[in-house]
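In our numbering, the protein residues as written are 296 to 566.
For each residue, glycine too, the CB sits at the ideal point set by N, CA and C.
In this text, all values refer to a predicted model and were calculated from it rather than measured experimentally.
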C-alpha cells in the first residue's frame with residue numbers, strides 16, 4: 296500500500312491526514328508530533344483548538360504541510376470575510392485547500408456556484424494566492440458525483456468506511472474517471488467499527504483503528520483518509536499505520552467488510 300499519493304495540484308501527500316472536529320483535546324504539541332511522524336494534510340474544523348495553534352506556530356515549517364479548512368458561506372459577500380477570518384485565526388497567508396462545507400442539496404450548490412456565489416470569491420482568492428485548491432464536503436454521494444463532474448473542484452471530501460461503502464457505487468467511478476482526489480472521513484464510523492456486535496461469528500476479532508484506516512486506504516479511489524483522534528493517546532494509536540503500510544490480507548479485508556454490514560444493522564443505518 297503506497298503511503299503517498301498526488302493530491303491534485305497540491306502535490307504528493309501522506310495518505311493519512313489529521314483533522315479536528317471542535318470537541319477534541321488534541322494539543323498543539325500533539326499536532327506537531329503528527330507532523331514529525333510524516334502527516335502532511337491538516338484539516339481544521341474552524342474552531343480555535345490545538346491544530347490552529349500548531350499552525351500559527353509553524354514558522355518556517357509552514358511550507359512542509361498542507362492546510363485544509365471548511366468554508367460555510369454560500370455567497371461571495373459572506374465568503375470573503377469568512378476566508379479572511381480563517382486566515383487570521385491560522386496565522387497564515389494562504390489555505391491550501393478550501394472545501395465548501397457540507398453541501399447537501401442541489402440548490403446549495405447552485406447558490407455557491409451561481410452569480411454572486413462563494414465560488415466567485417474563492418476563484419478571486421486563488422488568483423490572489425490566498426487559496427490553493429477548492430473542494431467540497433458532502434454526505435450526498437450522488438450530488439457529490441454531480442459536483443465532481445462540474446469541473447470546478449480539485450477534491451471531494453466524503454464519508455467512507457467499512458459500514459458506509461456507497462461511494463464505491465455512486466461516486467468513485469466518476470472521480471476515478473476524472474482523476475479527482477477523494478478525501479474521506481469517519482473511517483471508524485464514530486468508533487462503532489471498533490466494537491463487537493451481537494451477530495459476530497465465533498472467534499471474530501473487531502478491528503483496531505489502524506485496521507479501519509487500512510480498509511479505507513485499500514481503495515485506490517481514496518487519496519487521503521482523515522483521522523480525527525480525541526487526544527494524544529488516540530493519535531498515537533492511529534499513527535501506527537505510518538510505521539507499517541502493509542495492506543490488509545484478503546481474508547481480513549473480507550472479515551471487516553462483513554463486520555461493516557453487521558455494524559450497519561446493529562448501530563443503525565444511514566443513507
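In the DSSP assignment, residue 390 falls outside any alpha helix (DSSP H) and within the unbroken beta strand (DSSP E) covering 390-395.
A contact between stretches requires three or more CB pairs, one per stretch, nearer than 8 Å, and the stretch 452-461 fails this requirement with the stretch 412-423. Only residues of its own chain outside the window of five on either side were considered, and among them 440, 443 and 444 have a CB closer than 7 Å to the CB of residue 469, listed in chain order. A straight-line Cα-Cα distance of about 14 Å links residue 378 and residue 412. In the structure shown, residue 326 falls within a helical segment according to DSSP collapsed to helix, strand and coil. In this structure, DSSP gives residue 404 a helical state, which the three-state scheme calls helix. Excluding residues up to 5 positions away in sequence, 429, 430, 431, 442 and 475 lie with their Cβ nearer than 8 Å to the Cβ of residue 448 in the same chain. For residue 338, there is no enclosing alpha helix (DSSP H); the residue is found in the beta strand (DSSP E) stretching over 336-339.
Going by C-alpha positions, residue 507 is about 27 Å away from residue 391.
Contact check for residue 315 against residue 350 fails: the beta carbons are separated by 8 Å or more.
In the DSSP assignment, residue 375 falls within the unbroken alpha helix (DSSP H) covering 371-385. Residue 321 places its beta carbon less than 8 Å from that of residue 527.
Contact check between the stretch 334-343 and the stretch 358-365: three or more CB pairs, one atom from each, fall below 8 Å, which counts as touching.
Within its own chain, the residues whose Cβ lies closer than 6 Å to the Cβ of residue 521, once the five positions on either side in sequence are excluded, are 312, 314, 338 and 480, listed in chain order.
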